[in-house]
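Here is the structure we will look at.
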Amino acid sequence: MIDLTPTLLTKYQDKKKEINRFSVSDCWAIIHGRITPKDYLRGEIRDFSQIFKMWQGTWKHNQIQELLKELGYEIEPKIEYKTDDFVLVGKADAILGDEILEIKTSAELIPNAKSWHIEQVMIYLSLFKKQKGVIVQPITKGNKLFLKEIGKVERDDEFFRKVLEELKEFQSKLK
Numbered sequence: 002m003i004d005l006t007p008t009l010l011t012k013y014q015d016k017k018k019e020i021n022r023f024s025v026s027d028c029w030a031i032i033h034g035r036i037t038p039k040d041y042l043r044g045e046i047r048d049f050s051q052i053f054k055m056w057q058g059t060w061k062h063n064q065i066q067e068l069l070k071e072l073g074y075e076i077e078p079k080i081e082y083k084t085d086d087f088v089l090v091g092k093a094d095a096i097l098g099d100e101i102l103e104i105k106t107s108a109e110l111i112p113n114a115k116s117w118h119i120e121q122v123m124i125y126l127s128l129f130k131k132q133k134g135v136i137v138q139p140i141t142k143g144n145k146l147f148l149k150e151i152g153k154v155e156r157d158d159e160f161f162r163k164v165l166e167e168l169k170e171f172q173s174k175l176k
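Quick note on my numbering: the sequence shown kicks off at 2 and runs consecutively.
Shown next, in the form of C-alpha cells:
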C-alpha cells in the first residue's frame with residue numbers, strides 16, 4: 002500500500018505569508034477581522050479532512066476550467082496590483098469578454114453566493130477592469146452538466162478603494 006497522506010498534507014498546507022504581499026482570496030478574512038496579523042504570518046493550520054476537501058475541489062475546478070477553455074474563456078489570468086505599501090495578487094477563475102466567472106465546487110449545492118464569494122469577485126472586477134462577475138457552481142441534471150449561477154456582482158471601484166485602505170492598515174500591523 003502506498004501512503005499518499007504526507008504528500009497531500011504537504012501540498013495543501015497553508016504556507017507562511019509574505020508581509021508585503023496579499024492574495025485576493027485572503028482579503029475577506031483580513032477585512033472582516035477573521036484573521037489576526039499573527040495568524041496571517043503563521044499560515045492556516047488545516048486538518049486532513051479540510052485538505053482532502055480542498056484537493057477534491059481543486060480537481061473539480063480544473064475539470065470545469067478545462068471545459069470553459071474550450072468555450073474561449075481565459076483561464077486563471079494572474080494580476081499583481083502594486084501599491085506603495087504592498088502587492089495585491091489575484092487569479093480569476095475564468096474571464097470571457099467583460100465578465101469574470103468565479104467557480105465554487107463545494108460538495109453541497111449552495112443556493113446563494115456567500116459574502117466572501119461576492120467580495121472576492123468584486124475585487125477581481127476592479128483588478129481586471131471588468132464590469133460584471135458571476136459566481137457559479139457546477140451541477141448535473143440527468144445527463145447534463147451546467148454551471149448554475151448562485152450570485153452576480155458589478156464592478157464597484159469605491160469598494161476596491163476601501164479594500165486597499167483596509168489592507169494598508171493590516172499591513173502596518175504586520176510590521
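Just so you know, even glycine gets a beta-carbon here, dropped at the ideal spot from N, CA and C.
Item                                                                                                                                       : Value
Name the DSSP bridge partner or partners of T106?                                                                                          : None, per the DSSP bridge assignment.
I101 and K131 look like a contact to me (Cβ under 8 Å); what is the Cβ gap, rounded to whole Å?                                            : 5 Å
Could you tell me which of K133, L148, I36 and P38 sits nearest to S107, measuring between CA atoms?                                       : L148
Go ahead and pull the three-state DSSP assignment for A30.                                                                                 : helix
Do G44 and D15 have their CB atoms nearer than 8 Å?                                                                                        : yes
Run through the segment 72 to 137 for me and flag every whole beta strand (DSSP E) of 3 or more residues, listed as ranges in chain order. : 79 to 83, 88 to 92, 95 to 97 and 100 to 104
Relative to the alpha-carbon of W56, which residue among T8, P78 and L165 has its alpha-carbon at the smallest distance?                   : T8
Could you work out which residue in Q66, Y13, K12 and W29 is closest to M123 when comparing CA atoms only?                                 : W29
Nearest CA to the CA of D157: which residue from I140, G134 and Q138?                                                                      : G134
Considering just the uninterrupted stretch of the alpha helix (DSSP H) at E19, what are its terminal residues?                             : Counting along the chain, E19 falls outside any alpha helix (DSSP H), and DSSP gives it neither H nor E.
Which class does E150 belong to by DSSP, given the choice of helix, strand or coil?                                                        : strand
To the nearest angstrom, how far is it from the Cα of Q121 to the Cα of S173?                                                              : 22 Å
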